[in-house]
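Okay, so here's the structure we're looking at.
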Amino acid sequence: MRNRLLAALIIMLSLATILAAQNEDAWYINIPISDIQFDGLVNVSENDIRGVVTPFIGQVFTDDVLLDIQRRLYNLEYFDLIIPEAVPGNEERSQLILKFTVEERPVIDAVRLSGNQRLRRETILDEIISKTGDFVSRAQARVDRDAIAALYRGRGFADVNVEFSYQDAGDNSQVLVFEITEGFQTNIEEITFVGISFATENRLRGVIESKEQGLFNAGTFELANLELDRQAILQFYGENGYVDAQVLDIEREIIVDEERNRQFLRLTYYIDEGIAWFFGGVEFEGNTIFTDEELRDEILLDDGEVLDAPLLQQGFQQVSDRYYQGGYIFNQITLDETRDEARQQISYRFSIVEQGRAYIENIIIRGNTKTKDEVILRELPFEEGDVFSASRIREGIGNLYNTQYFADVPNVETPQGSVPGLMDLIINLEEGQTTDIRLGFSVGGGGGFPISGIVKWYDTNFLGNGQTIGADLTVSPQQQTLALNFQDGWLFGDRFSGGATLTVDRSVRNDQLQDILYPVFDKNDENGVPDPFQGYYVFSQATTYNSTDYEAGEPFPGVPTEVEILQYDLVTDYIYAGGSSAIDEAYLMEYTNWYVGLSFSSGIRRRTPLGWGNIGGSISSGLSLVNYDDQLYRPFSYEIRENLGVFKFENSISLTFALDNRDVFFNPQNGYLIEQGFNYTGGILGGSKNFIRTDTTLQYYRTLFDYEVSPSFSWKLVFAANSSLSLMLPQFFTYGEENFEAEGRLLATNSMTIARGWPTISNGQALINNWLEFRLPISEQILWFDLYGEAVRIVEDRNQIFAPGSDDWLFGLGGGIRFSIPQFPFRIYLAKLFKFTDGELEWQDGNLFNDPERPGSGLNLIFSISL
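Using our numbering, the first residue of the sequence shown is number 894, and each one after it goes up by one.
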C-alpha cells in the first residue's frame, strides 16, 4: 500500500512537471503519439518495455493516456523515477514524440549469507529466487527470507531467525545480505502417549508425522507437524468409532546439548479417547428427487457396525454430489445425529431442502492465445443452457487436459449469473508448448552401425485448430526414413478422426543369404555335357545329404556329397542346398530396399460408462523395389530375386478396437486400457507381402497411496502393469503366389521398450511382452522414478509361444528416471538382465561395472525413447 501511494505521488508530480513546463503552449494535447523513447536505460533493454508502450503509439495524447503509460511502467518495478517530456514529431507539430527520462532501480550485485554454519551456501541459495543481476525488490527479498527460514525449520532448526538488508555497492547496484541466526537443531528423542487404552503407542507412532530419531529416521522436529499429528490421531480414532476423542495437549520437553550445539525433544501427547460408538442407521427427509434407497446406497456403513466417522463424512459428500451431478447445486443438506448411550449407537438424519436446478448461462474462455474457442468448446460435454452438472464439468476439464494443449489443469470459476438459478462458467487456461523439434538418437537394430539419428518436428495444435502436422526423419548408415503426417481428431463436428501419412524409406540389408553355384550335369543328357543354365546353389555346408528326388546317400551329379539339399525351386528349376545355422560371412550378401507408402486412417471415439470407446482403421498401399548386383550375387530368397528392379505393391488394412479408462493418457495414474488390433496384408488385396497380424494389449494403472506433502507436491506411488500378445499368421488366400511372410515385417524386440537392454531379436512369429512398474514422482509434471520388472518371449514358431519351458524368455529388473513431458519422452534405467538355460538361472553381463572374471556381473545402462 505504501509503495502504491508513493508511485501515485511520483506520477502526479511528473504530470505537474510537464504541465508547468509547457503550460504556455499546450500544443501536445490531442496530438497523435508517433513514437515513445527512453533516456537513462542501462540494465533495462528497450525490448523489455516495448510491449508495454507499443499499444499507445498512434493514440492521441491526453492526461489520462500519460497517467496510464506511467502506471504501467512503474508496475514493471524497473524504475524509481520516470519523467515525461513532449517533443514535436515534425515541424508542423502534428505528431508527438513522448520521451521518458528514467532512473533505474538498483540491481543486485551479489547475494551474501551470514551466520549459516550448519547448512551449505549452495543449499540455501537453491531455495531463493533473487539472483545477481535482478532488480532490487524488497517484496521478493521478504519471500526469500521466509523460504530460508522454512528450509531451516524443515531441518529441525525450530528457533531460526532470518533478516535481510541491502548494502550499497556503487554503480547503482546493491548487495543483498541475509543474516541467519540458526539456533539449535532439534531432534525428537522420545514420543509417548498418555490416556490411551484402545490404541497402542506403536500404532499411534505409525499414524503421526513426527518420528523419533533412529537408525532410519533423523527425527527432525517440525513445529507444523504437531497440528498434522493432532488431525491424524483424531482421524485414527474416528475411523474406529471413537468420535469424541480429543488430543488435550502436546507437551514439549527440551534437553539442550550445548557441546554438540543441538537440542533434543521429548513429545508427550495427552489423549482423551472417550468411548467407542456404533452406527445406528440413517434416514432422509425432504427428498423427492431421489428415493431413500438411492441415497442410502451412497452410505457405505451397515447398521450396527463400528462407526467410521470419515467414511460417514464421505457418504455425506456422495449424497451431495448425487444432487450436484444433476444440477441441483443450490440444495441445503444438513446432517443431524441422535445418540443412544445405552446401546452406544449414533443414528443420523439427512435434512434436505431441495431447490431448482442450476443452468449454465455463459461459458467464458480465458487465456487461450493460440487455441481457437471452438476447439476448446468441442471438448466440453455441455453447452450454454445445459444443466450445471458437476460431473460433466469435471469430465470436460479432464478432456481439455488430455489434449495436451495446456500447461496445467484448467482452473474453473463458477460465479452467479444474471439471475438466480443461472451460473457462469469461466475456464482459465494457460497454454503450453504444442510445437516442438526433437533431436535425438536411438540405439538398437542388428548389424552395421547401431545408432540412428532422429529429427522430429510436430505441431499438435496446428494454427490453433487442434490438428496435428509433423515430419519424422530417421537416419543411419543402414536406414533412412522420412514420414510426413497429418491428423485431425474432429471431423464433421464430431469425434471422427482422419489422417494421412506419406512414408519414404531406404534400407540396406547385409545379412541376406546368397547362393554359390556348383556346375551340374544334366541328368537327362547321356553324354554328361554340363548344362550352363542349371546348378546347385549352396549357402553353407553340412555333413548330411537329403533329397526328395534321390535316395539318401545316392550321388547327385556334380554336387559334393556333404551338401544338404534344402529346397527345390519349381519356378527356376534350381535345387537349393544348405546346412548348419553357423553361416560364414562369405555366404552373405548386401541389398538395398526402397519403399514409398501412403496410408489413410480414420476412427470414432465415444464416452461410455466403462471409459472411452475407440474404433479405428487405416488402409495403406506402398511400392517396394530391391537393388543389388545380380552379376555378383544371387539371393537365396525367391521374394528378393523377384523384387529386383521391379516395383511391387504392398497393400494392407488395419482395424483397432479399444476401451480406454485411463485418467491421463500420456502419464496414467489410474484406469485401464483394453486394445485389440488386426492387420491384414496382401491376401485378397494383392501385393507381394501376405500375412495377418494380431495385437492384444491389456494395461492397468492404480495409485496405491497419495499423501499431500505441500500444495505443489504429493508423495504417491503408482502401480502399472502391461500384458500384450502379438501374432504373425499366414494368409488364408493368395493369388497363386507363394505365401512368403514379409521379411523385415516379422515381430521383433527393440532393446528400448520391449526386452529393455537385450540385443534386438527379429524374425519372430509370436511375441509376449509383460511388465510391472512402480512409479514415484520427483516432480509430477516433469520427472518420475520408476522400478520395473519385465518378462518377454519371442519365438520363430507361433505354435511354441505357450509351450512349456523358459529358455527363450528374456527377463529384466531395473529402475531409473522417466520424463513425463510429452515433448521429452526419455527414460534412463539401470537394469540387471537374466534368463534361464536348461532350467538354470543365467545372469547376463552388463555394460557397466562388469568384472571380466565374474560371469554375469555388471549392470546395463538403458536409454529409451518411448514415443
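Glycine included, each C-beta is placed from N, C-alpha and C at the ideal position. These numbers come from a predicted model, not from an experiment.
Item: Cutoff 6 Å; reference phenylalanine 889; Cβ partners in own chain excluding five residues on either side; Value: Since the first residue shown for the chain is 894 and the last is 1760, residue 889 is missing from the structure and cannot be characterised.
Item: Classification of glutamine 1658 by the beta-carbon crowding that lies within 10 angstroms, buried from 16 upward; Value: buried
Item: Residue closest to methionine 1621, alpha-carbon to alpha-carbon, out of Ile1508, Ala1614, Leu1640, Val1397; Value: Leu1640
Item: Buried/exposed call for leucine 959, threshold 16 Cβ in 10 Å; Value: buried
Item: C-alpha distance - leucine 1723 paired with valine 1611, whole-angstrom precision; Value: 20 Å
Item: 6 Å CB neighbourhood of threonine 1587 in its chain, flanking five on each side removed; Value: Phe1571, Leu1620
Item: Cβ-based neighbour list, glycine 1510, same chain, cut-off 8 Å, excluding 5 preceding and 5 following; Value: Ser1494, Ser1495, Gly1496, Ile1546, Ser1547, Leu1548, Thr1549
Item: Alanine 1138 burial status per 10 Å Cβ neighbour count (16 or more: buried); Value: buried
Item: Proline 977 to glutamine 952 span [Cα, whole Å]; Value: 16 Å
Item: Beta-bridge pairing of valine 1000 - partner residues as DSSP gives them; Value: Phe1028, Ser1066
Item: Leucine 1734 vs phenylalanine 1742 beta-carbon contact at 9 Å; Value: no
Item: Close beta carbons around isoleucine 1257, own chain, < 8 Å, minus the five adjacent residues each side; Value: Asp1317, Leu1318, Ile1319, Ile1320
Item: Environment of aspartate 1037 [buried if 16+ CB atoms lie within 10 Å]; Value: buried
Item: Reference leucine 1503, options Ile1567, Val1539, Leu1525, closest by Cα; Value: Ile1567
Item: Phenylalanine 1129, buried or exposed, once every other Cβ within 10 Å from all chains shown has been counted against 16; Value: buried
Item: Residue(s) in a DSSP beta bridge with glutamine 1372; Value: Ser1400
Item: Beta strand (DSSP E) runs contained entirely in the region 1553-1577, provided each spans 3 or more residues; Value: 1564-1574
Item: Neighbourhood of arginine 1046 by C-beta, 8 Å cutoff - its chain only, sequence neighbours within 5 removed; Value: Val1053, Glu1115, Leu1116, Ala1117
Item: Touching by the beta-carbon criterion (3+ pairs, under 8 Å), the region 1168-1179 and the region 1191-1203; Value: yes
Item: Which listed residue (Ser1655, Arg1013, Arg1686, Gly1134) has its alpha carbon closest to that of leucine 1204; Value: Gly1134
Item: Beta-carbon gap between glycine 1739 and glycine 1705 smaller than 9 Å; Value: no
Item: Residue burial classification, leucine 1200 (beta-carbon count within 10 angstroms, cutoff 16); Value: buried
Item: Same chain only: Cβ atoms within 8 Å of proline 1745, ignoring 5 sequence neighbours per side; Value: none
Item: Arginine 1250 versus threonine 1231: straight-line alpha-carbon distance, rounded; Value: 31 Å
Item: Cutoff 7 Å; reference tyrosine 1298; Cβ partners in own chain excluding five residues on either side; Value: Thr1264, Glu1324, Gly1325, Thr1327, Asn1354
Item: Minimum C-alpha distance to alanine 1613 - residue among Asn1507, Arg1555, Thr1574, Ser1369; Value: Arg1555
Item: Same chain only: Cβ atoms within 7 Å of tryptophan 1350, ignoring 5 sequence neighbours per side; Value: Ile1330, Gly1363, Ala1364
Item: Where arginine 1011 sits in the DSSP three-state scheme; Value: coil
Item: Contact check, tryptophan 1170 vs valine 1136, beta carbons under 9 Å; Value: yes
Item: Cα-Cα separation between glycine 1219 and arginine 1242, rounded to whole angstroms; Value: 22 Å
Item: Nonlocal neighbours in the same chain, by C-beta distance under 7 Å from isoleucine 1508, ignoring five residues either side; Value: Gly1496, Ile1497, Phe1550
Item: Cα-Cα separation between aspartate 1679 and phenylalanine 1209, rounded to whole angstroms; Value: 37 Å
Item: Reduced DSSP category for arginine 1259 - H, G, I as helix; E, B as strand; rest coil; Value: strand
Item: Contacts around arginine 1534, its chain only, beta-carbon distance under 6 Å, and the 5 residues preceding and following it disregarded; Value: Pro1528
Item: Alpha-carbon to alpha-carbon, tyrosine 1600 and phenylalanine 1606; Value: 9 Å
Item: Own chain, CB closer than 8 Å to asparagine 1255, minus 5 neighbours either side, in chain order; Value: Glu1277, Gly1310, Asp1317, Leu1318
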